[in-house]
Amino acid sequence: MKASQKAQHELERVERQVALIEASAGQNEDTRRQLAKLQERISTLQKEMRGPQTAWEKTELARHPQRPQTLDYIERVFTDFSEIHGDRSFGDDAAIICGMARFHGAEVLVVGTQKGRDMKQRVHRNFGTPHPEGYRKALRIMQVAEKFRRPIFTLVDTDGAYPGIHAEERGQAEAIARNLREMSRLPVPIIVTVTGEGGSGGALAIAVGDRVNIFENSFYSVISPEGCAAIMWRDSSKAEIAATALKITATDLKEFGIIDEIVPEPEGGAHTDPEAASRLLDAVLDRQLLMLSEQPRKELLDARYEKFRKMGQFFDLG
Numbered sequence: 050m051k052a053s054q055k056a057q058h059e060l061e062r063v064e065r066q067v068a069l070i071e072a073s074a075g076q077n078e079d080t081r082r083q084l085a086k087l088q089e090r091i092s093t094l095q096k097e098m099r100g101p102q103t104a105w106e107k108t109e110l111a112r113h114p115q116r117p118q119t120l121d122y123i124e125r126v127f128t129d130f131s132e133i134h135g136d137r138s139f140g141d142d143a144a145i146i147c148g149m150a151r152f153h154g155a156e157v158l159v160v161g162t163q164k165g166r167d168m169k170q171r172v173h174r175n176f177g178t179p180h181p182e183g184y185r186k187a188l189r190i191m192q193v194a195e196k197f198r199r200p201i202f203t204l205v206d207t208d209g210a211y212p213g214i215h216a217e218e219r220g221q222a223e224a225i226a227r228n229l230r231e232m233s234r235l236p237v238p239i240i241v242t243v244t245g246e247g248g249s250g251g252a253l254a255i256a257v258g259d260r261v262n263i264f265e266n267s268f269y270s271v272i273s274p275e276g277c278a279a280i281m282w283r284d285s286s287k288a289e290i291a292a293t294a295l296k297i298t299a300t301d302l303k304e305f306g307i308i309d310e311i312v313p314e315p316e317g318g319a320h321t322d323p324e325a326a327s328r329l330l331d332a333v334l335d336r337q338l339l340m341l342s343e344q345p346r347k348e349l350l351d352a353r354y355e356k357f358r359k360m361g362q363f364f365d366l367g
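Taking this note's numbering, the leading residue of the sequence shown gets 50, the next gets one more, and so forth.
Spelled out as structure tokens, the structure:
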């Protein structure tokens, strides 16, 4: 367990201890001294967590089991959500959630990955790794949004598309590639937010948009740090080194032009205060939607095309 996780676990333990003491009937001089020491320890731990974080520590925060997921944001940011199921070809994939909703009164479409909380939910959601039918469901419903001229919001938190043989047999690569092509030319505003992990093509398949945001403790990468370490050094334990080398943090991605805006998080991470994290996301989405809604369709599509064409350019051949 890394330092940030240890500090977080100890902070939670100390806070519970303080709550128990405060809830007990009556306090004497000894308990007041004990509370003062515990409060001092809480302040120290909070300062430790506010300190500079490495790429690996941010990766750990992005994977925190209590980090808000798509359904948490839907509940807090959107209203009148109505989920739509199935790809009308094979079945329904619970790893991807799609549905119509309202955002500040406007009718919109929401698409996002869902990992689940406990083991039963995680198995049902396939740990947030979609099958081809999940991507086909997402595209089908995005095309419905196109028909009714509704903006699209996507929320990304996945370590990648499911790599199993049955997913490959049902056309995993083709489903991802089709989404990339079709999302690039949907004539409605598309706003993407990486809320946790943004893993490889499995994330990119619902992340082609006019604005791509990322929470400050999230990451977005072509491969996981563990996968990179296993390939480069034949040793997945070197994941911490790989995370730094991959430049996967929000600040790195902003510098390279991969993402447009970093969404701030509450102190200690989004999992410490989902309500505050949702408010911060809401403000960013509201501002961006207002701006994009004023753009003519042709300008919107041309700007989206140019945005993704510029990614990954390291040399000027002109």
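Cβ atoms here follow ideal geometry from the backbone N, Cα and C, with glycine treated the same way.
Counting the other Cβ atoms within 10 Å of the Cβ of E343 gives fewer than 16, which makes it exposed. DSSP, read as helix, strand or coil, puts I311 in strand.
Within the same chain, Y122, V126, T242 and V312 come within 7 Å of L330 by CB-CB distance, once the 5 residues on both sides are set aside. Separation of P200 and D351 (C-alpha to C-alpha, rounded to the nearest whole angstrom) is 17 Å. Rounded to the nearest whole angstrom, the CA to CA distance from M340 to P238 is 10 Å. Under the three-pair Cβ rule at 8 Å, the stretch 304–318 does not count as touching the stretch 282–295. Sequence-distant partners of E59 (beyond 5 residues in either direction) whose C-beta falls short of 7 Å from its own C-beta, in its chain, are L94. Contact between the stretch 209–226 and the stretch 260–271 is not established, with fewer than three Cβ pairs separated by less than 8 Å. Under a 10 Å Cβ-count criterion, V172 is classified as exposed, with fewer than 16 other Cβ atoms of the shown protein chains found around its own Cβ. For M360, the secondary structure class from DSSP, reduced to helix, strand or coil, is coil.
Assigned with DSSP and collapsed to three states, R260 falls in strand. Membership of F305 in the alpha helix (DSSP H) is indicated by the continuous run A299 to F305. In the DSSP assignment, Y269 falls within the unbroken beta strand (DSSP E) covering F268 to S270. Take the alpha-carbon of V261 and the one of I307: they are about 8 Å apart. Annotation for T128: A150 and R151 place their beta carbon closer than 7 Å to its own, counting only its chain and skipping 5 residues before and after. For S131, the uninterrupted beta strand (DSSP E) run begins and ends at T128 to I133, by DSSP. Following the DSSP letters along the chain, one finds V160 in no alpha helix (DSSP H) but inside the beta strand (DSSP E) bounded by residues A155 to T162.
In terms of Cα proximity to D208, the closest of A254, F202, M168 and I190 is A254. Inclusion of A111 and G245 in the CB contact set at 8 Å is warranted, their separation being smaller than that value. Contact annotation: G148 and Q163 have beta-carbon atoms that are not nearer than 8 Å. Excluding its 5 nearest sequence neighbours in each direction, L158 has C-beta neighbours in its own chain below 8 Å: C147, G148, M149, A150, I190, M191, V193, A194, R199, P200, I201 and F202, listed in chain order.
Going by DSSP, A326 is part of the alpha helix (DSSP H) stretching over P323 to S342. Taking every protein chain shown into account, the CB of K86 has fewer than 16 other CB atoms within 10 angstroms, so this residue is exposed. Nearest to A326 by alpha-carbon distance, out of P315, F139 and R353, is P315. Note on R185: 16 or more other CB atoms within 10 angstroms of its CB, so buried under the neighbour-count rule. Of the other Cβ atoms in all chains shown, fewer than 16 fall within 10 Å of the Cβ of E324; this residue is therefore exposed.
V271 is not a Cβ neighbour of M232, given a cutoff of 8 Å.
Of the residues E64, S273, H215 and D301, the one whose Cα lies closest to the Cα of A288 is S273. When the beta-carbon positions are compared, P236 and R346 come within less than 8 Å of each other. CA-to-CA, the gap between F139 and G220 works out to about 11 Å. The three-state secondary structure of V205, taken from DSSP, is strand. The secondary-structure analysis by DSSP pairs A226 with nothing; it has no beta-bridge partner. Between P179 and A144 a beta carbon distance of about 4 Å is seen, short of the 8 Å cut, so the two are scored as contacting.
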